[in-house]
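The sequence shown runs 1 to 367 under the UniProt record's numbering.
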Amino acid sequence: MPGTFARAIAQETGWAATEIYFGLTIAMLMMAMLSPFVARLLACFGGQRVVVTGTLMISAGCLVMAYVQSLPGWFAAWVLTGAGMRLALYDALFAALVNIYGQSARLTISRVTLAGGLASALFWPLGAGLLTQMDWRHALLIYALFGLLSAMLLWKMPNHRLPSPKRIMQRQRLSHRDKRPALLYASLIALVTFVSNGTSTHLPEYIASVGLPVAVGMLWGIGQTGARFLEVASGSVLTPLRLTILTTLLMPLCFALGLSGPYLSWAAGGFVLGYGAINGLTTVFKATLPLQLFAAEDYARRTGILLIPAQLLAAASPFAYAWLNDHLGIRGSLAVSAALALVVAALAMAIAWCQRENTPAAIEERG
């Protein structure tokens, strides 16, 4: 929403763009603060109630934003919206789906990410279209109505509850072999999120720097939705770990295309399309890899804790990449991203090695 409405908000209110976007940072920090408590909420109230409540909070946040007249009010609205985002968006919804379907939730999660990608691609032009017919405040009221409609649709979702959080914690303390994969997973997702958020936030600057029209940015959405569609159409044939390895190995190659963009326009277009696809698949393996690494009943609590670093880096990445662009230039920030992508690929390979070491045959061989 800020990406579509920020200019209109700034023109009416006189707020700086950094102040407007800081609301989104507040929301991400709020998500990180609530993350450890999501499993307990799912256990106490069930997935359907938690997700519906979060959706209503997002709707209420849009409603408050439509009427605020000051920056403190704007920031307060994002606190409410951020809390709703943590309860209603992908991570909480995936935990609820795993609670319902267990290990077989993989394909359902992939389908949800596909639908989410289509919705994301739809709401960019929808928001721009609304601004041609009304001001941003009335457009936010339309968004609030969409939130209410979503809550009504989610009301039909089964309301399964998680097992007792205390029992889950006891099982986790006994599972020493899970510690190393858990740390590697948290590091992997944190770095991927940092790079993806920073790259997508400043994508228009990259496109302009290579002399291409802004419309090239549509390739990002095409790549994201297309990759998720192929993943679903294939029946999720790759295991989550193999999908993770494939996606992370393609990341450095994609940034190599981006670095070639100033000399080859097709390489710049290929970077936008390719990294959109990588970003789409990242959402899938971020949600499904824990199903292969840990027990399904531990999913909500583990992801709630392990995703905190990613949520904190997501809040910091736009500012970090703005600093990189100012001090190193667009190509310099791409080079940093390429180096981080190599680290991400190494972390994925380390997770694969840990999984091989934890197979029954390997454990028996060690003694």
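Glycine included, C-beta positions come from ideal geometry on N, C-alpha and C.
> Could you give the C-beta distance for V284 and L219, rounded to a whole number, given that I count them as a contact under 8 Å?
Replying inline: Not confirmed; about 19 Å, so no contact.
> In its own chain, which residues sit with a C-beta less than 7 Å from the C-beta of S337, not counting the 5 before and 5 after it?
Replying inline: V195, T199 and F255
>> Our contact map puts T193 next to A310 with C-beta atoms below 8 Å; I'd like the distance itself, whole angstroms only.
In response: Between T193 and A310, the beta carbon gap of about 4 Å places them in contact (Cβ cut-off 8 Å).
> My guess is that Y299 and A95 are in contact by the Cβ rule of under 8 Å, so how many angstroms apart are they, rounded?
Replying inline: 6 Å
> Nearest-angstrom Cα distance between M57 and S70?
Replying inline: 20 Å
> Are there 16 or more other CB atoms within 10 angstroms of the CB of P240, so buried, or fewer, so exposed?
Replying inline: buried
> Quick one: Cα of M65 to Cα of Q11, how far?
Replying inline: 16 Å
> Which class does M85 belong to by DSSP, given the choice of helix, strand or coil?
Replying inline: helix
>> Shorter than 6 Å, the distance from the beta carbon of V192 to the closest heavy atom of the ligand GTP, or not?
In response: Questions concerning the ligand GTP fall outside what the structure shown contains, since it holds no ligand whatsoever.
> What residue ranges within the stretch 236-265 form continuous alpha helix (DSSP H) runs of no fewer than 4 residues, ordered along the chain?
Replying inline: 240-260
> G84 and G54: beta carbons closer than 7 Å?
Replying inline: yes
> Taking C-beta to C-beta, are G82 and M31 nearer than 7 Å?
Replying inline: Between G82 and M31, the C-beta gap is smaller than 7 Å, which places the two residues in contact.
> Leaving out the 5 sequence neighbours to the left and right, which residues in its chain are closer than 7 Å to I142 when beta-carbon positions are compared?
Replying inline: L130
> Nearest CA to the CA of E297: which residue from L42, I26 and F5?
Replying inline: Nearest neighbour of E297 by Cα position, chosen from L42, I26 and F5, turns out to be L42.
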